[in-house]
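Take the position in the sequence shown, starting the count at 1, then add 173; the result is the number in my numbering.
Where a beta carbon is used, it is the ideal one built from N, C-alpha and C, also for glycine.
Presented below is the structure to which this report refers.
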Amino acid sequence: MYELAERLVREGRLSAPEYLALLTRCDDSTWFFLRHEAVRTAQERFGCAIFVRGLIEISSYCRNDCHYCGLRRSNRRAERYRLSPEQILATCEAGFEAGFRTFVLQGGEDPWWSDEWLVPLVKEIHRRWPEAAITLSLGERSETSYRALHEAGAARYLLRHEAADRSLYEQLHPAEMSHAGRLACIEQLKAIGFQTGMGMMVGAPGQRVEHLVEDLLLLERIEPQMIGIGPFLPHRDTPYGAEPAGDLRLTLLLLAILRLRFPQALIPSTTALATLHPEGRLQGILSGANVVMPNLSPESVRSKYAIYDGKASSGAEAAEGLRLLAEELRGIGYGIDFSRGDYQR
Ligand code: 5AD
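In structure tokens, the structure reads:
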């Protein structure tokens, strides 16, 4: 295994069967070696500095019914809320004051957020804080909408592909959602000129290691600027409520492989990872991640954005916890980078 790992470090890529071997039979010393090398690679590009992005969860309404997600439309127990444009602008203002130079507007696929409302909001954020990057994470929309949002000033868009394997994608989603449709959206976003983010859950029900290899190959084909992964975590009011959570060791191994394969990518240490394990966020950074996304959403709505059980939303996970995050980072020799942190080739 060590030999394969060394080759990944040296050549920056492996074949599909080699990825499969590494993911299935990685011994402890190879696991440590890969994470060590991934951290070295990240440090060569980014130093010992972690970009922060202020996450604003603008709506918990969703027209979709993804089997894994607590915000799915058939979850009648989910608490729904929608921030007003004024609330979102006030949140950006507070975030900018705190030092954030990226705002991520994330939400369920809420039909209320039509272009009629969203485009002027993006324009206004862009007008008021031109030095801040605007990232959207609002699911599948029309190409026309993506174009209008890009013109309005949004520079980045996160849309996880969820599963490169079509049959796994179909297993995880209701019949009306399509694998081809998701990939088409991602390709449109990229062609329009968004810095585009993709990603998948690790350990989703029905997922096999072969599926993760397909994910790696899809990422190689599309080469997104951002890659977000985290463990699957069950939500009690979904069909997968009794399924086991994704594996920490495998998630960290994948992070390391992603960093080695995509040295310049922006890779967050996600909230899901921080939720899975108390040291998850730091362990993610110690596997090559270089971004964290503290939650800027108003306190009163935070618990309502429940995509899985136990979602971390306080301490270093929250924007007020920036000092705590800085301290945590200092403990492993890192600091916060408050710049916009655009993708650089
Ligand atoms: N566990 C982990 N991640 C989840 N997501 C949605 N539901 C869950 C869950 N139960 C991820 C999906 C989605 C992103 C917003 O969060 O990948 O794209």
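Please list the terminal residues of the continuous beta strand (DSSP E) segment that includes residue i.
i: Leu-331; result: 329 to 331
i: Ala-306; result: 306 to 310
i: Thr-275; result: 275 to 280
i: Gln-368; result: 368 to 375
i: Pro-404; result: 399 to 404
At which residues does the alpha helix (DSSP H) containing residue i begin and terminate?
i: Thr-443; result: No alpha helix (DSSP H) contains Thr-443, which DSSP labels as neither H nor E.
i: Gly-453; result: 453 to 458
i: Asp-288; result: 288 to 301
i: Lys-363; result: 352 to 365
i: Leu-423; result: 421 to 434
i: Asp-388; result: 382 to 395
i: Thr-317; result: 316 to 325
Let me check you understand the geometry: is the CB of residue i closer than 8 Å to at least one non-hydrogen atom of the ligand 5AD?
i: Ser-470; result: no
Compute the Euclidean distance between the alpha carbons of residue i and residue j, then round it to the nearest angstrom.
i: Met-399; j: Gly-370; result: 4 Å
i: Phe-119; j: Asn-248; result: No statement about residue 119 is possible, as the shown extent of the chain runs from 174 to 518 and does not include it.
i: Leu-207; j: Pro-258; result: 44 Å
i: Ile-509; j: Phe-269; result: 15 Å
i: Ile-146; j: Ser-460; result: What the structure shows of the chain is the stretch from 174 to 518, and residue 146 is not part of that stretch, so it cannot be assessed.
i: Lys-363; j: Gly-419; result: 29 Å
i: Leu-294; j: Val-474; result: 20 Å
i: Leu-356; j: Ala-211; result: 28 Å
i: Tyr-413; j: Pro-407; result: 6 Å
i: Cys-265; j: Glu-501; result: 24 Å
i: His-352; j: Pro-284; result: 21 Å
i: Tyr-175; j: His-450; result: 27 Å
i: Ala-348; j: Ser-442; result: 31 Å
i: Gly-185; j: Ala-336; result: 23 Å
i: Met-350; j: Gly-326; result: 28 Å
i: Trp-290; j: Glu-324; result: 15 Å
i: Phe-359; j: Asp-338; result: First, the amino acid is wrong: residue 359 is Ile here, not Phe. Approximately 15 Å between the Cα atoms of the pair.
i: Ile-261; j: Asn-468; result: 13 Å
i: Ala-447; j: His-240; result: 22 Å
i: Gln-437; j: Ser-470; result: 29 Å
i: Ser-476; j: Ala-215; result: 33 Å
i: Pro-404; j: Glu-452; result: 14 Å
i: Val-375; j: Leu-196; result: 12 Å
i: Arg-213; j: Ala-462; result: 11 Å
i: Gln-368; j: Leu-177; result: 31 Å
i: Thr-424; j: Leu-455; result: 13 Å
i: Arg-253; j: Arg-183; result: 49 Å
i: Ala-271; j: Gln-361; result: 34 Å
i: Gly-379; j: Cys-242; result: 15 Å
i: Ser-315; j: Leu-181; result: 38 Å
i: Leu-497; j: Tyr-507; result: 13 Å
i: Gly-457; j: Lys-296; result: 34 Å
i: Arg-381; j: Thr-444; result: 23 Å
Please state the DSSP three-state secondary structure of residue i.
i: Arg-255; result: strand
i: Ser-232; result: strand
i: Ala-222; result: strand
i: Gly-185; result: coil
i: Glu-335; result: strand
i: Ala-479; result: coil
i: Ile-505; result: coil
i: Asp-515; result: coil
i: Gly-227; result: strand
i: Asp-201; result: helix
i: Ala-499; result: helix
i: Ala-267; result: helix
i: Ala-348; result: coil
i: Ala-211; result: helix
i: Ala-194; result: helix
i: Ala-418; result: coil
Any beta carbon from chain C within less than 9 Å of residue i's own beta carbon?
i: Arg-213; result: Looking at the structure shown, chain C is missing, and only one protein chain is on hand.
* Pull every residue with its beta-carbon under 6 Å away from any heavy atom of the ligand FAD, and keep them in chain order. => Here the bound small molecules are the ligand 5AD; the ligand FAD is not part of this structure.
* **Inter-stretch contact (C-beta, 8 Å, three-pair minimum) for the segment 301 to 320 and the segment 273 to 285** => Three or more pairs of CB atoms, one per stretch, sit closer than 8 Å, so the segment 301 to 320 contacts the segment 273 to 285.
* Asked: Is there contact here, the segment 183 to 197 with the segment 220 to 237, by at least three beta-carbon pairs under 8 Å?
  -> No, because fewer than three Cβ pairs between the segment 183 to 197 and the segment 220 to 237 fall closer than 8 Å, the two stretches do not touch.
* Per the contact definition of three or more C-beta pairs closer than 8 Å, is the segment 377 to 393 in contact with the segment 219 to 227? -> Touching, no.
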